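Chemist:
Residue numbers (UniProt numbering), protein chains in the order written: chain A, 1 to 171; chain B, 1 to 232.
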């Protein structure tokens, strides 16, 4: 797997967020735009993930969350996340990230406290899982940039779609 | 509140010290900075961003993560502009803000806070240190243009920035290495050598793909100042 210096990645992401804030000016809009960008990335990223990791199909949502946290994050961001805080029905969990390469040199100024800086990660997870028929909701509940100790993403399974084949049998 | 102000002051002071470094290097201000950081760390739980030690810069991230993010940036910029020149300018501006910060960090890390003050040395810095930081190797060529003596070119082929980008025919000569050109412009500007930097595709005889050339056209003030400096 080809790798590059992570700092150029961090700096480029910072540049993107800066450009978005200058263009859009409303922090809510910036959050939404980051999520959309993440979604577009996730939709294509899942192909590469499946091709490179060659995993078997996941048995249930627990397995999917583990794969996202352990294999997915390691493959793309070179960091691992831990899956914790499962709810009793096994439809919600938390992905806990200790070090996040996107936020290496970042400090949020006073005016941007509502900015979800890493919202692109939520979008990526949502987009990627949607392409394998798992509709999820993804949100940051703890953010190191806002003073918490670690980053925590809350992953909620909304629904599971059925497998739809893109061709008809009688063609 | 008070900690914010003192850390901002410290950052401002650090910026002044770093900016002074081409003409005088002094170890003393940095030592007192280190001791005051140690004192602050005792009182607050988590260190402020500025007080944390600077990482070694050896961590890595996959190329595909970068390429995905870069493609999203290009796609987003396409929605904001109406022609190719503007798109290249937006990519350059994105790189510019990176280059400004990159010079400080690279000088601090690699060169022990000494910065170049002569034009040729600054070009060699871009050609070797900056390129090695960005791409893991030195750039292929550094040459001066035959046409004008204020133009210099750095060439390289197969930049990873362009690896997963295919330019459609109606986009003509768009080169997304304008992002790298912006980084170079930021580094040179921050070092005190204002220039116009652009990226071009130059076909190479015998190679299937063209090489990318970063063309730097320096301001007249830079050349005047450089000729006035004592050489050696």
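Note that the Cβ used here is the ideal one computed from N, Cα and C, for glycine as well. Since the model is a prediction, treat every value here as computed from it, not as a measurement.
#1: Closest by CA to residue 182 of chain B, which one among B/140, B/225, B/165, B/98?
#2: Is the stretch 180–199 of chain B touching the stretch 101–121 of chain B, taking contact as three or more C-beta pairs under 8 Å?
#3: What does a CB cutoff of less than 6 Å around residue 141 of chain B pick up in its chain, not counting 5 residues either side in sequence?
#4: With respect to the alpha helix (DSSP H) encompassing residue 40 of chain A, which residues constitute its N-terminal and C-terminal limits?
#5: Secondary structure at residue 144 of chain B, three-state DSSP: helix, strand or coil?
#6: Can you check whether the C-beta of residue 188 of chain B is within less than 9 Å of a C-beta belonging to chain A?
#7: At 3 residues or longer, what runs of the beta strand (DSSP E) sit wholly inside the stretch 59–147 of chain A?
#8: Any C-beta of chain B within less than 9 Å: which residues of the stretch 10–30 of chain A qualify?
#9: Which residues of the stretch 65–76 of chain A have a Cβ closer than 9 Å to any Cβ of chain B? Give them in chain order.
#10: Nearest-angstrom Cα distance between residue 95 of chain A and residue 224 of chain B?
#11: For my contact list, residue 180 of chain A and residue 72 of chain A are in at a C-beta cut-off of 8 Å; report their separation, rounded to the angstrom.
#12: Using Cβ-Cβ distances below 9 Å, what residues of the stretch 56–82 of chain B are close to chain A?
#13: Could you list which residues in chain C have their beta carbon closer than 9 Å to that of residue 160 of chain B, in chain order?
#14: Give the DSSP-derived three-state secondary structure of residue 5 of chain A in the structure shown.
#15: How is residue 175 of chain B classed by DSSP in three states: helix, strand or coil?
#16: Tell me which residues share the same chain as residue 154 of chain A and place their Cβ nearer than 6 Å to its Cβ, disregarding the 5 neighbours each side in the sequence.
#17: What residues of chain A sit near residue 94 of chain B, judged by a beta carbon separation below 9 Å?
#18: Skipping 5 residues on each side, what residues in its chain have a beta carbon closer than 8 Å to that of residue 78 of chain A?
#19: Which bits of chain A does residue 106 of chain B rub up against, with CB to CB less than 8 Å?
#20: Look at residue 146 of chain A and residue 35 of chain A and say whether their C-beta atoms are less than 9 Å apart.
#21: Tell me the rounded alpha-carbon separation between residue 165 of chain A and residue 211 of chain B.
Modeler: So, from the data block:
#1: Position 182 of the second chain holds residue 182 of chain B. Nearest to residue 182 of chain B by alpha-carbon distance, out of B/140, B/225, B/165, B/98, is B/98.
#2: The way I'd put it, the stretch 180–199 of chain B does touch the stretch 101–121 of chain B; three or more beta-carbon pairs between them come closer than 8 Å.
#3: Numbered from its first residue, the second chain carries residue 141 of chain B at position 141. Once the five neighbours on either side are set aside, the close Cβ partners of residue 141 of chain B are 155.
#4: By one-based count along the first chain, residue 40 of chain A stands at place 40. Here the alpha helix (DSSP H) through residue 40 of chain A covers 27–53.
#5: For the purposes of this step, residue 144 of chain B is taken as the residue at position 144 of the second chain. The three-state secondary structure of residue 144 of chain B, taken from DSSP, is strand.
#6: Counting from one through the second chain, the residue named residue 188 of chain B turns up at place 188. No, residue 188 of chain B does not count as interfacial toward chain A.
#7: Runs found: 81–84, 92–97, 134–142.
#8: The residues in question are 10, 11, 12, 13, 14, 15, 16, 18, 19, 20, 23.
#9: Listed in sequence order: 75, 76.
#10: Your numbering for residue 95 of chain A matches position 95 in the first chain. Your numbering for residue 224 of chain B matches position 224 in the second chain. So the alpha carbons of these two residues sit roughly 57 Å apart.
#11: Any property of residue 180 of chain A remains undetermined from this structure, which presents chain A solely from 1 to 171.
#12: Against chain A - using a Cβ distance shorter than 9 Å - the residues of the stretch 56–82 of chain B are 57, 58, 59, 60, 61, 62, 63, 64, 65, 66, 68, 69, 70, 71, 72, 73, 75, 76, 77, 80.
#13: The structure shown contains no chain C; the protein chains it does contain are A and B.
#14: Counting from one through the first chain, the residue named residue 5 of chain A turns up at place 5. Three-state DSSP puts residue 5 of chain A in a strand.
#15: By 1-based counting over the second chain, the position of residue 175 of chain B is 175. In this structure, residue 175 of chain B counts as coil in the three-state DSSP scheme.
#16: Position 154 of the first chain, counted from the start, is the residue given in the question as residue 154 of chain A. Closer than 6 Å at the Cβ level, and outside the excluded window around residue 154 of chain A, lie 94, 139, 141.
#17: Numbered from 1 along the second chain, position 94 holds the residue referred to as residue 94 of chain B. Neighbours of residue 94 of chain B in chain A, taken as residues at a C-beta separation under 9 Å, are given in chain order as 12, 15, 16, 18, 19.
#18: Taking the first residue of the first chain as position 1, residue 78 of chain A is located at position 78. Excluding sequence neighbours, residue 78 of chain A sits near 3, 6, 101.
#19: What you label residue 106 of chain B is simply residue 106 of the second chain in a count that begins at 1. From the beta-carbon of residue 106 of chain B, no residue of chain A is found nearer than 8 Å; the closest lies around 10 Å away.
#20: As a position in the first chain, residue 146 of chain A is number 146, starting the count at 1. As a position in the first chain, residue 35 of chain A is number 35, starting the count at 1. Not closer than 9 Å, so no.
#21: Taking the first chain and counting its residues from 1, the one referred to as residue 165 of chain A is at position 165. Taking the second chain and counting its residues from 1, the one referred to as residue 211 of chain B is at position 211. Their Cα atoms are separated by approximately 43 Å.
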